[in-house]
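Working notes, beginning with the structure itself.
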Amino acid sequence: MPPTPVKPVAGAPGSAETEPDGMRLTFGSGSANLNPASLDALTALAKTLATEPTRRISLLAYAAGSEDDRSTSRRVALARALTVRAVLVNEGVATTRIYPRAIGLPPHGDASTPDRLDLIASGTVPAGPEQAQFGAVPPSSPAKATP
-4 MPPTPVKPVA GAPGSAETEP DGMRLTFGSG SANLNPASLD ALTALAKTLA TEPTRRISLL
56 AYAAGSEDDR STSRRVALAR ALTVRAVLVN EGVATTRIYP RAIGLPPHGD ASTPDRLDLI
116 ASGTVPAGPE QAQFGAVPPS SPAKATP
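In this text, residue positions in the sequence shown follow this note's numbering: the first is -4, and each later residue adds one.
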(Lines of atoms letter the chains of each structure in order from A and count residues from 1; the text may use other names and numbers.)
(Lines give C-alpha, C1' and ligand atoms only; values in the text may rest on other atoms or scores of the structure.)
Protein backbone atom coordinates (compact mmCIF):
# COMPACT_ATOMS: atom_id res chain seq x y z
CA MET A 1 0.00 0.00 0.00
CA PRO A 2 1.51 3.37 -0.98
CA PRO A 3 2.11 6.00 1.68
CA THR A 4 -0.31 8.86 2.20
CA PRO A 5 0.33 11.60 -0.37
CA VAL A 6 2.33 14.55 0.94
CA LYS A 7 0.48 17.86 0.87
CA PRO A 8 2.37 21.14 0.56
CA VAL A 9 2.14 23.61 3.43
CA ALA A 10 1.88 27.19 2.23
CA GLY A 11 4.32 29.43 4.04
CA ALA A 12 6.45 26.55 5.34
CA PRO A 13 10.08 27.65 5.49
CA GLY A 14 12.53 25.75 3.35
CA SER A 15 14.01 25.38 -0.08
CA ALA A 16 15.07 22.80 -2.64
CA GLU A 17 18.46 23.05 -4.30
CA THR A 18 19.43 20.73 -7.12
CA GLU A 19 22.82 19.11 -6.61
CA PRO A 20 24.91 17.21 -9.20
CA ASP A 21 23.91 13.87 -7.65
CA GLY A 22 20.50 14.72 -6.21
CA MET A 23 18.97 17.47 -4.13
CA ARG A 24 19.26 19.32 -0.83
CA LEU A 25 16.00 20.18 0.91
CA THR A 26 15.90 22.58 3.85
CA PHE A 27 13.14 22.74 6.44
CA GLY A 28 11.85 24.99 9.17
CA SER A 29 13.10 24.22 12.66
CA GLY A 30 11.38 21.17 14.12
CA SER A 31 9.29 20.59 10.98
CA ALA A 32 9.04 18.06 8.18
CA ASN A 33 6.65 20.22 6.13
CA LEU A 34 7.41 20.99 2.50
CA ASN A 35 6.31 24.25 0.91
CA PRO A 36 4.78 24.12 -2.59
CA ALA A 37 8.02 25.04 -4.39
CA SER A 38 10.05 22.40 -2.52
CA LEU A 39 7.41 19.74 -3.09
CA ASP A 40 7.24 20.57 -6.81
CA ALA A 41 11.03 20.32 -7.17
CA LEU A 42 11.13 17.03 -5.25
CA THR A 43 8.25 15.62 -7.30
CA ALA A 44 10.03 16.50 -10.56
CA LEU A 45 13.19 14.75 -9.35
CA ALA A 46 11.16 11.74 -8.19
CA LYS A 47 9.59 11.40 -11.65
CA THR A 48 13.07 11.35 -13.19
CA LEU A 49 14.35 8.82 -10.66
CA ALA A 50 11.35 6.57 -11.34
CA THR A 51 12.63 6.19 -14.92
CA GLU A 52 16.07 5.06 -13.68
CA PRO A 53 15.20 1.80 -11.91
CA THR A 54 18.74 0.81 -10.98
CA ARG A 55 19.75 4.04 -9.17
CA ARG A 56 20.20 3.83 -5.39
CA ILE A 57 18.71 6.75 -3.43
CA SER A 58 20.13 7.70 -0.03
CA LEU A 59 18.21 10.09 2.19
CA LEU A 60 20.47 11.69 4.81
CA ALA A 61 18.23 13.60 7.20
CA TYR A 62 19.49 16.09 9.79
CA ALA A 63 17.84 18.33 12.39
CA ALA A 64 19.01 21.04 14.74
CA GLY A 65 18.89 20.22 18.41
CA SER A 66 20.72 19.91 21.65
CA GLU A 67 23.54 17.55 22.56
CA ASP A 68 21.56 16.84 25.75
CA ASP A 69 18.51 15.66 23.80
CA ARG A 70 19.67 13.84 20.67
CA SER A 71 16.47 11.80 20.41
CA THR A 72 14.33 14.81 19.49
CA SER A 73 16.56 15.75 16.56
CA ARG A 74 16.60 12.12 15.40
CA ARG A 75 12.79 11.97 15.49
CA VAL A 76 12.52 15.20 13.45
CA ALA A 77 15.12 13.87 11.00
CA LEU A 78 13.18 10.61 10.68
CA ALA A 79 9.96 12.51 9.96
CA ARG A 80 11.77 14.40 7.18
CA ALA A 81 13.17 11.21 5.67
CA LEU A 82 9.74 9.55 5.73
CA THR A 83 8.11 12.60 4.12
CA VAL A 84 10.62 12.58 1.26
CA ARG A 85 10.35 8.80 0.94
CA ALA A 86 6.57 9.11 0.62
CA VAL A 87 6.93 11.57 -2.27
CA LEU A 88 9.40 9.28 -4.03
CA VAL A 89 7.24 6.16 -3.60
CA ASN A 90 4.07 7.94 -4.71
CA GLU A 91 5.88 9.00 -7.90
CA GLY A 92 6.84 5.41 -8.73
CA VAL A 93 10.25 4.91 -7.09
CA ALA A 94 10.51 1.42 -5.59
CA THR A 95 10.97 1.28 -1.82
CA THR A 96 13.78 -1.24 -2.35
CA ARG A 97 15.88 1.56 -3.89
CA ILE A 98 15.44 4.11 -1.07
CA TYR A 99 17.81 4.11 1.92
CA PRO A 100 16.65 6.61 4.58
CA ARG A 101 19.01 7.58 7.42
CA ALA A 102 17.78 9.72 10.29
CA ILE A 103 21.10 11.14 11.44
CA GLY A 104 19.74 13.91 13.64
CA LEU A 105 22.41 16.35 14.75
CA PRO A 106 24.93 17.14 12.01
CA PRO A 107 28.55 16.21 12.72
CA HIS A 108 30.72 18.74 14.51
CA GLY A 109 32.28 21.19 12.09
CA ASP A 110 29.48 20.84 9.51
CA ALA A 111 28.84 24.41 8.35
CA SER A 112 25.65 23.58 6.39
CA THR A 113 22.21 24.34 7.75
CA PRO A 114 21.31 21.63 10.27
CA ASP A 115 17.65 21.48 9.22
CA ARG A 116 18.08 19.64 5.96
CA LEU A 117 17.82 16.43 4.01
CA ASP A 118 20.38 15.45 1.39
CA LEU A 119 19.00 13.18 -1.33
CA ILE A 120 21.85 11.40 -3.10
CA ALA A 121 21.15 9.29 -6.18
CA SER A 122 24.19 7.23 -7.08
CA GLY A 123 25.41 3.74 -7.72
CA THR A 124 23.08 0.90 -8.46
CA VAL A 125 20.82 -1.40 -6.52
CA PRO A 126 22.07 -4.99 -6.32
CA ALA A 127 19.59 -6.29 -8.91
CA GLY A 128 19.01 -6.06 -12.62
CA PRO A 129 16.43 -3.61 -13.99
CA GLU A 130 13.83 -6.35 -14.25
CA GLN A 131 13.95 -6.87 -10.46
CA ALA A 132 14.59 -3.29 -9.33
CA GLN A 133 10.90 -2.32 -9.42
CA PHE A 134 9.45 -5.31 -7.53
CA GLY A 135 9.94 -7.61 -10.49
CA ALA A 136 8.15 -5.41 -13.00
CA VAL A 137 9.82 -4.78 -16.34
CA PRO A 138 10.53 -1.03 -16.60
CA PRO A 139 8.37 0.78 -19.19
CA SER A 140 11.39 1.57 -21.37
CA SER A 141 12.37 -2.12 -21.65
CA PRO A 142 10.58 -4.49 -24.01
CA ALA A 143 8.74 -7.29 -22.30
CA LYS A 144 10.31 -10.71 -22.70
CA ALA A 145 8.23 -13.28 -24.49
CA THR A 146 7.48 -16.44 -22.57
CA PRO A 147 8.44 -19.61 -24.51
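Ideal placement from N, C-alpha and C gives every residue a C-beta, glycine not left out.
Computed from a predicted structure; not experimentally measured.
Burial is judged here by how many other beta carbons sit within 10 angstroms of a residue's own beta carbon; Pro15 has fewer than 16 and is exposed.
By the Cβ rule, the stretch -4 to 15 does not count as touching the stretch 53 to 61, because fewer than three pairs are nearer than 8 Å. Inclusion of Arg19 and Ile52 in the CB contact set at 8 Å is not warranted, their separation being larger than that value. Going by C-alpha positions, Arg96 is about 18 Å away from Thr119. Within 10 angstroms of the beta-carbon of Pro102 lie fewer than 16 other beta-carbons, which makes it exposed. For Ser24, the secondary structure class from DSSP, reduced to helix, strand or coil, is coil. In the three-state DSSP reduction, Ser117 falls in the strand class (E or B). The alpha-carbon of Arg70 is positioned some 18 Å away from that of Pro(-2). Assignment of Thr91 by DSSP, reduced to helix, strand and coil, places it in the helix class. Counted as a single uninterrupted DSSP element, the beta strand (DSSP E) harbouring Arg51 occupies residues 51 to 57. Non-local C-beta neighbours of Leu34 in its own chain, meaning closer than 6 Å and more than five positions away in sequence, comprise Pro3, ordered along the chain.
Excluding sequence positions up to five before and after Gly23, its CB lies within less than 8 Å of the CB of Ala7, Pro8, Gly9, Asp110, all in the same chain and listed in chain order.
According to the DSSP secondary-structure assignment, Glu12 is paired through a beta bridge with Arg19. Between Met(-4) and Val84, the alpha-carbon positions lie close to 10 Å from each other.
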